[in-house]
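Sequence lines, in order, name chains A and B. Note that numbering that gives the first Met the number 0 has the first sequence beginning at 0, numbered continuously upward. Note that numbering that gives the first Met the number 0 has the second sequence beginning at 0, numbered continuously upward. In what follows, a structure is listed as structure tokens, so that the remarks can point back to it.
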Amino acid sequence: MKRKDFSKLMINVQKEKNTYFEHEDFIAGVSPNLRGIYASMYFQIPLKIEFKEYLIPIESTPPVIELANFLSKSFKFIKNGIENKDSIDNVISKLSFETNIGKNQFDEIAKMRAARMVWAKMVKQFNPKNQESFALKINVHIHNSIDVFPAILGGCQSLFTNKKMNLNFEEETFIFKTIDPLGGSTFIEKKTEDIAIKAWELFTKE
Amino acid sequence: MSNILTQDFAPSSASAWKQKIQVELNGADYNHTLLSKTNEGITISPFYHSNNFEKLEIPIPKEGFKICYKINIPIEKTPNKQAVNAIKKGATALKFIANKPFNIKNLFENLLNKQIEFHFQLEFLNEEFLNKLFSTLKNETSYFNIDIIENLIKNGNWYTTLNNDFKAAENLIQENTSKFVLGVNVELYQNAGANAVQQIAYAIAHANEYLNKFGSSIADKIQFNFAIGSNYFFEIAKIRAFRYLYNLILKEYNTQTVAKVYTEPSLRNKILYDYNENLLRTTTESMSAILGGANTISNTTYNSLFHTPNEFGEQIAHNQLIFLKEESGFKNMQHIATDSYYIESITKQMAEKALDIFKDIEKSGGFLNQLKEGTIQRKIKENAQKEQDQFDKGEINLIETNKITKEHLKENSDLQLNNFIGKKSHKTLIIPIIPKRLSEKLEQKMLKNEA
């Protein structure tokens, strides 16, 4: 057969997404911090890894329930602090989201993205002065090496783990080269939206 | 509905994000600090945003991946028993590796009509044997991976001659039009040190030699076998960009397909010491393969470099995949990259660059011609050398190899296999392409010191 001529072949680039979610253009470093709490994320503020001899187990609950519980506990804590004449920013600075990685890696990535959004929304009611109060710090307790992956892809601030576990392999996988690498993904954005809305509804129902 | 989330805050543009980053950089140079240039010639931006969105329409398989269990016929005493066991333990595909004809009837006892996919990696071309195999498997989904060009590349010579090899392949295709007779083995390029863009381009150029010879009817009857490395998102993009480009060239043949892709973890980054590191590597590599949309995925054992195959290692490797599929949420995740800013962007860039290489190859007479001239071999060697220099300088890390200690040597001194592939001295038609691991040089030095 005569060889085909491929010299005119061109790729066909599409500039529009097929799916678009209203929350998609929230960025990192600007509340509600969907894509991370710092605009430059791990480039400027590296992931913190703390080794503990023993990790107190956190009960594993489905993401929606976990977030709703976290919001309502935080809400009570903040209200209580204000009633005791503490400043709003000071009360908030004492809070962080301590979480586990559940079985489904993608639910967990979406959970962390959703957590930052609903946190910012909850905190806004108190009108904090300090912008940092809108940024939720997430600490992930790692029980299995592979949990490191969703923890980083979800944009957490620190990992708590025991000494024996190997966490260095993420260096070989180049997953730190860009911020919130799964952002925009139809699957992840949908899941983020679902978890955030359901958690918010559950929280406000109480 | 999503008003709940968006009513309190304003969206931001890509340029607002960049400005905010520059504030956080506190005077450090943006380009120098945040942009990553890869060996593929792709620049990774620190962030991606819908403002600069770009994507290609990627053909994605409807069904999720199948888990494949590998069985090496000459080494295993009871390959049939092992196959039966593998199916019991959840394998939905089996791959048989053989270097000479085997007893077909014994091997497939109790394996047929069970909805199992059969894959083959045969290091010989024997028409009579293959016809028997085809007829035994006439009602089964099977992938025979006959790849006469790979054999040429691996060994430097045709099985017999160019004409005879192509004639034999043609006979097999004509008698088995509904079967996946041909394979394009891209693994070798990865394992020899080609970068992701080169692998895509060579896969297409390699396949185009078959399309050119056998015509468009074979387009959807080729299986493409890829090796998956550790660069998580690039490997996802590699499979997607390949599928796009394959269809792009198929347009010239007036046909379209969702190319069948089989994957295994790369050899290139595996190390002799420290089992656990290899275990984590094969896990993330399998994750990339799944998210990239591979049809069939096989895992390699953590110790396959230095131990003869053993059921224990195979079982762990197999369980890793079952765990990902059934426990970690990786079932039917072949769509995850769709509309993601970052992966769609690198997919597009890879396809663009691979297309340029493919066009160059075709312009100078095609893949076989460039193999004869040694161009492909030279290009792969150049990239492999670049990676080797980066590894030697510590710019590419292979954890635990760069940081190896004497204790590791003692712990793992039970090497059963020779892993350092020597140069072949026989006369060849073309320069063969040889797999090479990044840590080989270092490990050879360590082994010498140990002796």
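For glycine and all other residues, C-beta sits at the position ideal for the given N, C-alpha and C.
When the Cα atoms are used, A:Tyr19 and A:Arg34 turn out to be separated by approximately 16 Å. Contact between the segment 345 to 363 of chain B and the segment 195 to 207 of chain B is present: 3 or more CB-CB pairs across the two stretches fall below 8 Å. Around the beta-carbon of B:Gln197, 16 or more other beta-carbon atoms lie within 10 Å, marking it buried. At a C-beta separation below 7 Å, B:Pro10 has these neighbours in chain A: Asp24, Phe25. Uninterrupted alpha helix (DSSP H) stretches at least 4 residues long and entirely within the segment 196 to 275 of chain B occur at 231 to 250, given in chain order.
Of all residues in the segment 192 to 203 of chain A, the ones placed with a Cβ closer than 7 Å to any Cβ belonging to chain B are Glu192, Ala195, Ile196, Trp199, in chain order. Straight across, the Cα-Cα distance linking B:Glu361 with A:Met116 is about 51 Å. Straight through space, the alpha carbons of A:Glu65 and B:Ala193 are spaced by roughly 45 Å.
For B:Asn125, no alpha helix (DSSP H) run applies, since DSSP gives it neither H nor E. When C-beta distances to chain B are compared with 7 Å, the residues of the segment 32 to 51 of chain A below that value are Tyr37, Ala38, Ser39, Phe42, Gln43, in chain order. Minimum Cα-Cα distance from A:Glu15 among the listed residues B:Lys447, B:Gln376, B:Thr159, B:Thr337 corresponds to B:Thr337. The way I'd put it, the segment 8 to 27 of chain B does touch the segment 35 to 50 of chain B; three or more beta-carbon pairs between them come closer than 8 Å. Residues of the segment 338 to 359 of chain B that bring their beta carbon within less than 8 Å of a beta carbon in chain A comprise Asp338, Ser339, Tyr340, Tyr341, Ile342, Glu343, Lys347, Ala350, Glu351, Leu354, Phe357, Lys358, in sequence order. Counting only runs of 4+ residues, the alpha helix (DSSP H) found wholly inside the segment 336 to 369 of chain B occupies 340 to 362, in chain order.
A check of alpha carbon separations from B:Lys94 across B:Ala85, B:Asn102, B:Pro100 identifies B:Ala85 as the nearest. A:Pro180 is not a Cβ neighbour of A:Leu135, given a cutoff of 8 Å. An exposed status is given to B:Val22, since fewer than 16 other beta-carbon atoms sit within 10 Å of its beta-carbon. Boundaries of the beta strand (DSSP E) harbouring B:Tyr68: 65 to 71, taken from the DSSP string. For B:His31, the closest Cβ of chain A is not nearer than 8 Å. Look at the beta carbons and you see the segment 117 to 126 of chain B touching the segment 138 to 150 of chain B: at least three pairs across the two are nearer than 8 Å.
Distance from the Cα of A:Asn129 is smallest, within the candidate group A:Ala38, A:Asn89, A:Lys204, for A:Asn89. With fewer than 16 other Cβ atoms inside 10 Å of its own Cβ, B:Ala9 counts as exposed. Chain-order list of chain A residues neighbouring B:Asn211: Met0, Arg2, Lys3, by C-beta distance under 8 Å. In summary, the residues of the segment 84 to 110 of chain A whose CB is separated from some CB of chain B by less than 8 Å are Lys102, Asn103, Gln104, Phe105, Asp106, in the order they occur in the chain. A Cβ-Cβ separation of about 16 Å leaves B:Met332 out of contact with B:Lys237 under the 8 Å criterion. With respect to B:Ile66, B:His425 sits apart: the two C-beta atoms are not nearer than 8 Å. In the displayed model, B:Lys54 falls within a strand according to three-state DSSP. Here B:Ile321 has Ile66, Gly89 as same chain residues with Cβ atoms under 7 Å from its own Cβ, once five neighbours each way along the sequence are excluded. Short of 8 Å from the beta carbon of B:Gly214, and not among the five residues preceding or following it, lie these beta carbons of its own chain, in chain order: Tyr252. Approximately 20 Å separates the beta-carbon atoms of B:Leu24 and A:Ser30; this is outside 8 Å, ruling out the contact. Ranked by how close their Cα comes to the Cα of B:Ser216, the residues B:Ile270, B:Leu244, B:Ala27, B:Thr256 have B:Thr256 in first place. Sixteen is the threshold: since fewer than 16 other Cβ atoms of the shown chains lie within 10 Å of the Cβ of B:His31, the residue is exposed. B:Tyr231 sits away from A:Gly182, with the two beta carbons spaced by 8 Å or more. Within chain A, Glu21, His22 have C-beta atoms less than 7 Å from the C-beta of B:Thr5, given in sequence order.
For A:Ile57, the three-state secondary structure derived from DSSP is coil. At the C-beta level, B:Asn224 and B:Val185 come within 8 Å of one another.
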